[in-house]
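Undergrad: Numbers given in the UniProt record's numbering equal positions in the sequence shown, counted from 1, plus 2. Even for Gly, the Cβ is constructed at its ideal location relative to N, Cα and C. Would you mind keeping the following structure in view while I ask a few things?
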Amino acid sequence: TMAPILLNCMGNDHNEYIKQQVHVKNPNLESMEEDVLYHLSLSTKTHNLPEMFGDIKFVCVGGSANRMKAFSQFIHQELKLPGNPEEISDICEGTDRYCMYKVGPVLSLSHGMGVPSISIMLHELIKLLYHAQCRDVVLFRLGTSGGVGLAPGTVVVTDKAVDYSFRPQFEQVVLGKVITRSTELDKGVANELLQCSSELQNIPTVIGNTMCTHDFYEGQGRLDGALCSFSNEEKLDYLKRAYEAGVRNIEMESTVFAAMCYACGLKAAVVCVTLLNRFEGDQITSPHDVLVEYQQRPQVLVSHFIKKRLGKA
Ligand code: R2B
Ligand code: URA
Numbered sequence: 003t004m005a006p007i008l009l010n011c012m013g014n015d016h017n018e019y020i021k022q023q024v025h026v027k028n029p030n031l032e033s034m035e036e037d038v039l040y041h042l043s044l045s046t047k048t049h050n051l052p053e054m055f056g057d058i059k060f061v062c063v064g065g066s067a068n069r070m071k072a073f074s075q076f077i078h079q080e081l082k083l084p085g086n087p088e089e090i091s092d093i094c095e096g097t098d099r100y101c102m103y104k105v106g107p108v109l110s111l112s113h114g115m116g117v118p119s120i121s122i123m124l125h126e127l128i129k130l131l132y133h134a135q136c137r138d139v140v141l142f143r144l145g146t147s148g149g150v151g152l153a154p155g156t157v158v159v160t161d162k163a164v165d166y167s168f169r170p171q172f173e174q175v176v177l178g179k180v181i182t183r184s185t186e187l188d189k190g191v192a193n194e195l196l197q198c199s200s201e202l203q204n205i206p207t208v209i210g211n212t213m214c215t216h217d218f219y220e221g222q223g224r225l226d227g228a229l230c231s232f233s234n235e236e237k238l239d240y241l242k243r244a245y246e247a248g249v250r251n252i253e254m255e256s257t258v259f260a261a262m263c264y265a266c267g268l269k270a271a272v273v274c275v276t277l278l279n280r281f282e283g284d285q286i287t288s289p290h291d292v293l294v295e296y297q298q299r300p301q302v303l304v305s306h307f308i309k310k311r312l313g314k315a
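So, in structure tokens, the structure goes:
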């Protein structure tokens, strides 16, 4: 009677082990002699990826290169790691497409603006984590967004990442046909982030749906682009319908981020601060120092999460 129990345990442990690994969903990679991660300026032949990256547990991505460098210096301080935070160097210095900083078990990368830019980065990042044999990794997107019925400066932890029709899916054209992928995010990580916000001061946080668009202006119902093909009433009607569908903020990367992480078995969360309330306007007019402080909020929240997970909070 012991044997089946033992077998069962081993089976579960094995399943857990497999589950925690970073997967790629592409059999072609196995037969490649070298994998060049072109936009990161890294390769399996020229770099020892397991040695460089094998200990990574937290990956934080965000649009701006400067902000992600600042985040790496901030997390270095927060984790009280040895060495000079000013000397953290860009691992991807061979390219100016993206930048990447590693601080202990935390990797901080930029992804640029919009779905195509982040999706290229994520293909190469996920392959990097796979080649490096990373396990038990959590990914965060730290970003900015337009709020829907929220006070500016509110942090939105994404429940569902939704498309222009408020559907929790990501559409992509592959070989001339549209395929759809689920944009499920990790509920446990989202709730843990909400809990973290309640332990901090000045990080007003809500959980809500995040709408991802392919444009900042007309695509987000703005009246102030170089083109505008709709009325103020039509804009407000769309935002109202978004709000009723649970949308609390709008940005430009969440659906593909969620879809790619989910397909590859990576736990992921989206944490974006709102820079304005879209029911009140389209232009971002807050002073620079206010915007800088807003953009630190997702960083402070995720840093608290990481410190807690590492037993350092
Ligand atoms: C938020 O901010 C950027 C546009 O200003 C875009 O990358 C996004 O998702
Ligand atoms: N980023 C967006 O995509 N939209 C906004 O309104 C603000 C920041």
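Quick one, which of Lys179, Glu126 and Ala244 has its alpha-carbon nearest His25's?
TA: Translated into the one-based positions of the sequence shown, residue 25 becomes position 23. Comparing Cα positions, the closest option is Glu126.
Undergrad: Can you tell me whether Ile286 is buried or exposed? The criterion is at least 16 other CB atoms within 10 Å of its CB, across all chains shown.
TA: The residue you call residue 286 lines up with position 284 of the sequence shown. Exposed, because fewer than 16 other Cβ atoms sit within 10 Å of the Cβ of Ile286.
Undergrad: Between the Cα of Lys27 and the Cα atoms of Gln297, Met262 and Thr276, which residue gives the shortest distance?
TA: Reading the sequence shown from its first residue, position 25 is the one you call residue 27. Measuring from the Cα of Lys27, the nearest candidate turns out to be Met262.
Undergrad: Can you determine whether any heavy atom of the ligand R2B sits closer than 7 Å to the C-beta of Gly210, and answer yes or no?
TA: Translated into the one-based positions of the sequence shown, residue 210 becomes position 208. No, since every heavy atom of the ligand R2B falls outside the 7 Å radius drawn around the Cβ of Gly210.
Undergrad: For Ile90, write down the residues that DSSP places opposite it in a beta bridge.
TA: Along the sequence shown, one-based indexing puts residue 90 at 88. Its beta-bridge partners do not exist; DSSP assigns none.
Undergrad: With 16 as the cutoff for other CB atoms within 10 Å, does Ile7 come out buried or exposed?
TA: For this step, residue 7 is matched to residue 5 along the sequence shown. Caution applies to Ile7, whose pLDDT of 46 falls short of 50 and renders its modelled position unreliable; the model cannot decide the point.
Undergrad: May I ask you to check if the CB of Thr257 is nearer than 7 Å to at least one heavy atom of the ligand URA?
TA: Numbered from 1 along the sequence shown, position 255 holds the residue referred to as residue 257. Thr257 Cβ: outside cutoff for every heavy atom of the ligand URA.
Undergrad: Measuring alpha carbon to alpha carbon, tell me which residue in Ser167, Ala265, Leu202 and Leu177 is nearest Ala244.
TA: As a position in the sequence shown, residue 244 is number 242, starting the count at 1. Answer by Cα proximity: Ser167.
Undergrad: Is the beta carbon of Cys198 closer than 8 Å to that of Phe60?
TA: The residue labelled residue 60 in the question sits at position 58 within the sequence shown. The residue labelled residue 198 in the question sits at position 196 within the sequence shown. No.
Undergrad: If you drop the 5 nearest sequence neighbours on each side, which residues of the same chain put their C-beta closer than 6 Å to that of Cys94?
TA: As a first step, residue 94 must be located in the sequence shown, where it is residue number 92. Cβ within range, chain order: Leu42, Ser43, Tyr100, Cys101 and Met102.
Undergrad: What are the start and end residues of the alpha helix (DSSP H) that includes Leu144?
TA: As a first step, residue 144 is located in the sequence shown; it is residue number 142 there, counting from the start. Where Leu144 is concerned, there is no enclosing alpha helix (DSSP H), although the beta strand (DSSP E) it sits in stretches over Val140 to Gly149.
Undergrad: Compute the beta-carbon to beta-carbon distance between Ser45 and Asp37, rounded to the nearest angstrom, for a pair I have assumed lies under 8 Å.
TA: Against the sequence shown, residue 45 aligns to sequence position 43. Against the sequence shown, residue 37 aligns to sequence position 35. Confirmed, Cβ separation roughly 7 Å.
Undergrad: In terms of residue numbering, what span does the beta strand (DSSP E) encompassing Arg250 cover?
TA: Working through the sequence shown from its first residue, we reach residue 250 at position 248. That run of the beta strand (DSSP E) goes Val249 to Glu253.
Undergrad: Does the distance between the C-beta of Met102 and the nearest non-hydrogen atom of the ligand URA fall short of 7 Å?
TA: Here residue 102 refers to the residue found at position 100 when the sequence shown is read from its first residue. Every heavy atom of the ligand URA is 7 Å or more from the Cβ of Met102, so no.
Undergrad: For Pro170, which residues of its own chain have a beta-carbon under 6 Å away from its beta-carbon, when the five flanking residues on both sides are left out?
TA: As a first step, residue 170 is located in the sequence shown; it is residue number 168 there, counting from the start. Correct list, in chain order: Lys162, Val164 and Thr185.
Undergrad: Less than 8 Å separating the beta-carbons of Leu195 and Val159?
TA: The residue given as residue 195 occupies position 193 in the sequence shown. The residue given as residue 159 occupies position 157 in the sequence shown. A contact, by the Cβ cut-off of 8 Å.
Undergrad: Return the CA-CA distance between Leu81 and Lys309, expressed in angstroms with no decimal places.
TA: Residue 81 sits at position 79 when you count from the first residue of the sequence shown. Residue 309 sits at position 307 when you count from the first residue of the sequence shown. C-alpha separation (whole angstroms): 7 Å.
Undergrad: Buried or exposed: which applies to residue 316, given that a residue is buried once 16 or more other Cβ atoms fall within 10 Å of its Cβ?
TA: Residue coverage of the chain in this structure runs from 3 to 315, which leaves residue 316 outside it and unanswerable.
Undergrad: Note the first and the last residue of the continuous beta strand (DSSP E) segment covering Cys214.
TA: Position 212 of the sequence shown, counting from 1, holds the residue named residue 214. First-last of the beta strand (DSSP E) with Cys214: Thr207 to Cys214.
Undergrad: Helix, strand or coil for Ile181, going by three-state DSSP, please let me know.
TA: As a working note, residue 181 is residue 179 in the sequence shown. Three-state result, Ile181: strand.
Undergrad: Return the first residue and the last residue of the beta strand (DSSP E) that Lys269 is part of.
TA: Stepping through the sequence shown from its first residue, residue 269 is reached at position 267. Run containing Lys269: Lys269 to Asn279, per the beta strand (DSSP E) assignment.
Undergrad: Please classify Thr3: does DSSP put it in a helix, a strand, or coil?
TA: Position 1 of the sequence shown, counted from the first residue, corresponds to residue 3. Because Thr3 carries a pLDDT of 41, less than 50, the predicted location of this residue cannot be relied on, and the following value inherits that uncertainty. Thr3: coil per DSSP, three-state reduction.
Undergrad: For Val302, collect the residues of the same chain with a Cβ closer than 7 Å to its Cβ; drop the 5 residues on either side in sequence, then sort them by chain order.
TA: Along the sequence shown, one-based indexing puts residue 302 at 300. Correct list, in chain order: Leu202 and Ile205.
Undergrad: Taking three-plus beta-carbon pairs below 8 Å as touching, is the stretch 207–218 in contact with the stretch 131–138?
TA: As far as the Cβ criterion goes, the stretch 207–218 does not touch the stretch 131–138, which means the pair count is below three.
Undergrad: Helix, strand or coil: which one does DSSP assign to Glu18?
TA: Translated into positions along the sequence shown, residue 18 becomes position 16. Residue state, collapsed to three classes: helix.
Undergrad: Using 8 Å for Cβ pairs, my map puts Val249 next to Thr207. What's the rounded Cβ distance?
TA: On the sequence shown, position 247 is the one that residue 249 refers to. On the sequence shown, position 205 is the one that residue 207 refers to. Not confirmed; about 16 Å, so no contact.
Undergrad: Which residue comes first and which comes last in the alpha helix (DSSP H) that contains Lys189?
TA: Here residue 189 is taken as the residue at index 187 of the sequence shown, counted from 1. Segment Lys189 to Ser200, the alpha helix (DSSP H) holding Lys189.
Undergrad: Whether or not the stretch 102–111 and the stretch 70–79 are in contact is what I'm after, with contact meaning three or more pairs of Cβ atoms, one per stretch, closer than 8 Å; do they touch?
TA: Yes, they touch.
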